[in-house]
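*Asks:* Following this message is one structure expressed as structure tokens.
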Amino acid sequence: MKNTHFRWQVACAVVMLWSAAASAANPHFPACNDIQQTTEKANRGNKVAQHDLANCYYNGIGVSIDAPRAVSWFTKAAEQGYAPAQYALSERYRYGHGVEKNEQQSFEWMKRAAEQDYLYAQTSIATKYAMGEGVTKDPGQAANWTRKAAEQGSPGDQKLLGFLYENGSGVPKDNEQARYWYEKAASQQADPSEARSAQRYLDALNKR
């Protein structure tokens with residue numbers, strides 16, 4: 024009974040850490056300084072302009088908010104293989120903003136972006152595998168994508184990967200690997216909050 028309770032506590036902690044990592048995956052959306060020029064470029068097939076214009080319509084920057092039109096432009100850029108647009112389109116499908124909610128479509132677009140080494144998408148696709156959003160739950164794949172994001176320097180994913188190794192979730196239990204990734208996250212000066220959090224996990228592990 025105690026083991027079952029402990030496993031449940033670990034599972035809950037993993038979910039919370041993945042959710043936190045995904046929430047941190049929030050790329051900067053550029054403002055449209057010149058709507059007319061951006062629109063002209065988008066109409067000529069410029070994928071970056073299409074993505075920027077989509078963000079303008081989605082956020083109401085320089086134009087009235089129009090979520091369906093935003094989705095249309097995100098789709099055009101995503102179909103050209105632009106990873107930030109694929110990520111954004113996935114999020115629209117995930118929450119049903121401007122398009123009917125569709126977890127499978129959300130997963131497919133996020134996976135395309137993640138396969139291009141787009142950091143935010145790697146963090147999010149790991150969460151989808153962990154939660155079973157649009158795909159069958161797969162702790163191994165969740166850990167695999169978390170590693171990819173961690174190797175790109177994401178402190179939240181580094182901390183999470185350390186936790187996965189410490190608890191043997193999706194990877195073999197390995198305290199040395201856990202310590203390595205906690206230390207990586209704790210040394211991140213760009214994100215003091217994550218660094219402090221990782222240090223607490225590291226200190227707790229070292230006291231065992």
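Here the sequence shown is numbered in our numbering, starting from 24 and rising by one per residue. No residue lacks a Cβ here, since even glycine has one placed at the ideal position from N, Cα and C.
(1) For residue 148, is the classification buried or exposed, using 16 other Cβ atoms within 10 angstroms of its Cβ as the cut-off for buried?
(2) Quick check on residue 84: does DSSP put it in helix, strand or coil?
(3) Residue 115: buried (16+ other C-beta within 10 angstroms of its C-beta) or exposed?
(4) Measuring straight from C-alpha to C-alpha, what distance separates residue 121 and residue 199?
(5) Output yes or no for whether 9 Å exceeds the beta carbon distance between residue 113 and residue 128.
(6) If you run the structure through DSSP and keep just helix, strand and coil, what is residue 155?
(7) Determine, using beta carbons only, whether residue 150 comes closer than 9 Å to chain D.
(8) Taking residue 293 as the reference, which of 216, 201, 160 has the closest Cα?
(9) Can you tell which of 123, 162, 110, 126 has its C-alpha closest to the C-alpha of residue 137?
(10) Candidates 81, 101, 192: which alpha carbon is nearest residue 132's?
(11) Going by the CB atoms, is the gap between residue 152 and residue 168 shorter than 9 Å?
(12) Once DSSP output is grouped into helix, strand and coil, what is the label at residue 194?
(13) So, is residue 192 buried or exposed, given that buried needs 16 or more other C-beta atoms within 10 angstroms?
(14) Would the stretch 208–224 count as touching the stretch 173–193 if we require 3 or more Cβ pairs under 8 Å?
(15) Residue range of the alpha helix (DSSP H) that residue 222 falls in?
(16) Assign residue 59 to buried or exposed, taking buried as 16 or more other Cβ atoms, counted over all protein chains shown, within 10 Å of its Cβ.
(17) At which residues does the alpha helix (DSSP H) containing residue 64 begin and terminate?
*Replies:* The answer reads as follows:
(1) Against the sequence shown, residue 148 aligns to sequence position 125. So residue 148 counts as buried.
(2) The count along the sequence shown starts at 1 and reaches residue 84 at position 61. Coil at residue 84, not helix or strand.
(3) Here residue 115 refers to the residue found at position 92 of the sequence shown. Classification of residue 115: buried, given that the 10 Å Cβ count is 16 or more.
(4) For the purposes of this step, residue 121 is taken as the residue at position 98 of the sequence shown. For the purposes of this step, residue 199 is taken as the residue at position 176 of the sequence shown. So the alpha carbons of these two residues sit roughly 46 Å apart.
(5) As a first step, residue 113 must be located in the sequence shown, where it is residue number 90. As a first step, residue 128 must be located in the sequence shown, where it is residue number 105. A contact, by the Cβ cut-off of 9 Å.
(6) Against the sequence shown, residue 155 aligns to sequence position 132. Here residue 155 sits in coil by DSSP.
(7) Chain labels in this structure do not include chain D; a single protein chain is all it has.
(8) Since the displayed the chain opens at 24 and closes at 231, residue 293 lies outside it and no answer follows.
(9) The count along the sequence shown starts at 1 and reaches residue 137 at position 114. Of the candidates 123, 162, 110, 126, the one whose C-alpha sits nearest the C-alpha of residue 137 is 110.
(10) On the sequence shown, position 109 is the one that residue 132 refers to. Considering only alpha carbons, the answer is 101.
(11) In the sequence shown, residue 168 corresponds to position 145, counting from 1. In the sequence shown, residue 152 corresponds to position 129, counting from 1. Closer than 9 Å, so yes.
(12) Position 171 of the sequence shown holds residue 194. DSSP places residue 194 in coil when its eight states are reduced to three.
(13) In the sequence shown, counting from the first residue as 1, residue 192 sits at position 169. By the 10 Å Cβ count, residue 192 comes out buried.
(14) yes
(15) In the sequence shown, residue 222 corresponds to position 199, counting from 1. Residues 215–229.
(16) On the sequence shown, residue 59 is found 36 positions in, with the first residue counted as 1. Exposed.
(17) The residue labelled residue 64 in the question sits at position 41 within the sequence shown. Looking at the DSSP string, the run of the alpha helix (DSSP H) that includes residue 64 is 58–66.
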